[in-house]
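Report on the structure given below.
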Amino acid sequence: MDTIRGNNDMNNNIYNDDEEDTIFALSSGGGGASSSLGGGATAVAVIRMSGPCAFDALRELLSPHPLSGDGDYEDESNEGTEVIPKLPKARMASLRTLYDPIIGNDSPARVADGSDDINDLGSWSRRNRLRRRRDPLDSALVLTFPGPNSFTGQDIVELHCHGSRGVVKGVLDALSSLDMRKITTTAAVPATAASGTKARRMRLRPADPGEFTQRAYANGKLGLVEVEALSDLIVADTSKQRKQALQQFDGRLSRLYQGWRSELVKGLAHAEAVIDFGDDETLSFDDDDEVDSGDDVIAVADDGGMTVWGTIRPRITALREAMDRHLADASRGELLRDGLRIAIVGRPNAGKSSLLNLLAGRDAAIVSSTPGTTRDVVEVILDLGGVRCTLLDTAGVREETDGGARVAARDAHIIVGVVDASDCVRGFDAVKELIDTATSEINEDDDDTLTVAKNVLYVMNKIDLVEDSGHLSRMPPSFGISCATSEGVESFLCSLTEKALSMVSNDDDDGSDPTRSAILSVEGTEGAVITRARHRRHVEAASEALARFEHLSDQGYMALDLAAEELRLAASELGRVTGAIDVENILDVLFADFCIGK
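So for the sequence shown, full-length UniProt numbering puts the first residue at 1; every next one is plus one.
Written out as structure tokens, the structure reads:
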């Protein structure tokens, strides 16, 4: 049943100019070919609204008659009252018809002076207004999420409509037309409360990229790490990328850093106590003197009243070791998120492009019997065991070192050297020379590129054309394949997949080291890994600060202030990862990476 609102006197309107805008956007694919509408048409498109006027805008879309805020829509059986469409129950989908609030030229609602303003209908009688009906836009599933229990912490409306360009554009245009439309309070108002009722104008605008997520962050619904995880989840190409992003979105990494920061703050409090009360005081932690680092704990010796440094030092050492081990695995999480680069190199006409096409399952590169057909680097994206890999088909390595092939090999995580089985000696020599040149150009301090010499797989192609294969046994270990017959390709692909998986998984940690397990995790943070260079830089800075603390703590009371400052610095660095410390300078860059509607 529709809600009945009293016919209010709007002569003394009060407008809230400080109210936050209500934003809307297409949050899914759909909308036809226009890139501004999200790409190709889909069966269903999701349009999202968030803000204080979201429910008011929805009421306008659900009403078959104009709702002007002046009580101009009368119910036949309730003279002097206005019928307001009833909203769906919170978090329950309801099939509704959406109506276009825009008055067209052929509509009887158009007034004599040509104005389309529903709030300025001139001399039209109230009965004529009642007879006006809006054009339907679409039948859609409508969901409402009242704040603060919503994604953004604000009132949210989702419209699941048909995904054609005409429908999506019509709904978005309808929402745009509601900007500055006058409304009264959305709550039911007694008919006797006609005078002095506050009014406002809806402020609706298209959302900026990432603005929904930005509001969720601003309202405490998401932490900074969770925002980054959501970005990773949206663009995840493989199952492992999805799982890693979900683990981070679940808050595992945030809980880990918050747990570490809590330990540092506790130690800092004890250091401040010594500064305030003097070194003659004997201070210790609570009765359970142990480092809470997960399901296991690291016991701290209790001599019945240790000085504050004696109590803090084991905790700080344990945390620093935890950070160092966490950093040792940093490259794995970053590689999984960003993907691996696999360069296919070799002499001209060795079969590099044929191998690329075979692995890709399509003709991604031109194949010709003429040497030197490939001039530019051809890239193909593959999913190898859940790892996103970019295969790079390079131009043939000639006697004069080819610049493109050298750069691709230098920046690759894995190199596949393709050798013609009928000319394997020259082929192996050319690939080795290229790898040596590429390796010499790698900066030893560059953490983004691994040592390529350790990640080389040799492939001898065209083995089906070799009659005498005796000389092949004297060549370096390699895979014999034939791109023409697919012989040996499956075995090579399995080895390539294993190599990729080994670079993004921690096979060295079998759980047999209880100390490592204890200091590396806080309860509920299993599998938390660094996925971004930003995380790594802050954790490195925190670890370095703790190392300086350990050095200063050996110097006794005279260095107490300096040591406490290092604890404070380490806690601050961890806070910057999670957003607990001001990170305003990176927020604009982060949210700009989101697409509109997220």
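Glycine included, every Cβ here is placed at the ideal spot set by N, Cα and C.
Because the structure is a prediction, the values reported are computed rather than measured.
>> Can you check which of these residues, Glu211, Tyr217 and Ser177, is closest to Met202 by C-alpha distance?
In response: Ser177
> Taking the Cβ atom as the reference point for each residue, do Thr144 and Ala218 lie within a distance shorter than 8 Å?
Replying inline: The Cβ-Cβ distance between Thr144 and Ala218 does not fall below 8 Å.
> Is the distance from the Cβ of Arg315 to the Cβ of Glu263 below 8 Å?
Replying inline: yes
> Around the C-beta of Asn149, are 16 or more other C-beta atoms found within 10 angstroms, so that it is buried, or is it exposed?
Replying inline: exposed
>> How far does the alpha helix (DSSP H) with Met503 in it extend, from its first residue to its last?
In response: Val489 to Val504
> Are Val46 and Ser94 closer than 8 Å when you measure CB to CB?
Replying inline: no
> When burial is assigned at 16 or more other CB atoms within 10 Å of the CB, is Glu467 buried or exposed?
Replying inline: exposed
> Counting along the chain, where does the alpha helix (DSSP H) carrying Thr22 start and finish?
Replying inline: Element bounds for Thr22: not the alpha helix (DSSP H) but the beta strand (DSSP E), Thr22 to Leu26.
> Do you know whose CA, among Met503, Thr485, Leu457 and Gly170, lies nearest Asp464's CA?
Replying inline: Thr485
>> Considering Cα atoms alone, identify which of Ala245, Asn455 and Asp329 is closest to Glu540.
In response: Asp329
>> Three or more C-beta pairs under 8 Å: does that hold for the segment 208 to 217 against the segment 486 to 502?
In response: no
>> Alpha carbons only, please: which of Arg337, His551 and Leu392 is nearest the one belonging to Leu356?
In response: Leu392
> Got a sec? Which residues, its chain only, sit under 6 Å from Arg133 by beta carbon, not counting five neighbours each side?
Replying inline: Pro64
>> Among Val225, Arg537, Thr22 and Ile156, whose alpha-carbon lies nearest the alpha-carbon of Met92?
In response: Ile156
> When DSSP labels each residue in this structure, what does Thr213 get in the three-state scheme?
Replying inline: helix
> Taking buried to mean at least 16 other C-beta atoms within 10 Å of its own C-beta, is Asp510 buried or exposed?
Replying inline: The predicted model places Asp510 with a pLDDT of 47, which falls under 50 and marks its position as unreliable, so this point remains unresolved.
> Can you name the residues that DSSP bridges to Phe479?
Replying inline: Paired residue(s): Val459.
> Met49 by DSSP, collapsed to three states: which one?
Replying inline: Strand, per DSSP.
>> With three or more beta-carbon pairs closer than 8 Å as the criterion, would you say the segment 410 to 424 touches the segment 342 to 358?
In response: yes
>> Measuring only the C-alpha atoms, how far is Val171 from Asp100?
In response: 8 Å
>> As a quick exercise: from Thr531, Arg536, His535 and Glu573, pick the residue whose alpha carbon is nearest that of Leu546.
In response: Glu573
>> Can you tell me whether Ala90 is helix, strand or coil according to DSSP?
In response: strand
> Does the segment 414 to 423 come close enough to the segment 265 to 273 that 3 or more CB-CB pairs lie under 8 Å?
Replying inline: no
> Which of the three DSSP states, helix, strand or coil, is assigned to Ile102?
Replying inline: coil
>> Can you tell me where the alpha helix (DSSP H) holding Phe428 begins and where it ends?
In response: Per DSSP, the unbroken alpha helix (DSSP H) holding Phe428 starts and ends at Cys424 to Ser440.
> So what's Pro64 in DSSP terms, helix, strand or just coil?
Replying inline: Secondary structure at Pro64: coil, using DSSP grouped into helix, strand and coil.
> For the beta strand (DSSP E) that contains Glu226, what are its first and last residues?
Replying inline: Run containing Glu226: none in the beta strand (DSSP E); it sits in the alpha helix (DSSP H), Leu224 to Ile234.
> Taking just the CA atoms, how far does Ala430 sit from Lys266?
Replying inline: 59 Å
>> Here's the rule I'm using: 16 or more other beta-carbon atoms within 10 Å means buried, otherwise exposed. How should Ala216 be labelled?
In response: buried
> Which residues bound the alpha helix (DSSP H) around Val380?
Replying inline: Counting along the chain, no alpha helix (DSSP H) covers Val380; the unbroken beta strand (DSSP E) around it starts and ends at Val378 to Leu384.
> Any idea which residues DSSP pairs Glu158 with across the strands?
Replying inline: Its beta-bridge partners are Arg48 and Leu143.
>> Applying the 10 Å Cβ sphere with the 16-neighbour rule, what's the burial state of Ile312?
In response: buried
>> Using only CA atoms, which one of Leu569, Thr238 and Pro477 lies nearest to Ser543?
In response: Leu569
> What is the DSSP secondary structure of Leu530, reduced to helix, strand or coil?
Replying inline: In the sequence as presented, Leu is not what sits at residue 530; that position holds Ile. Looking at Ile530 - three-state DSSP - the assignment turns out to be coil, as it is neither helix nor strand.
> How should Gly480 be labelled, buried or exposed, when 16 other C-beta atoms within 10 angstroms of its C-beta is the threshold for buried?
Replying inline: buried
> Where does the unbroken beta strand (DSSP E) through Thr152 begin, and where does it stop?
Replying inline: Counting along the chain, Thr152 falls outside any beta strand (DSSP E), and DSSP gives it neither H nor E.
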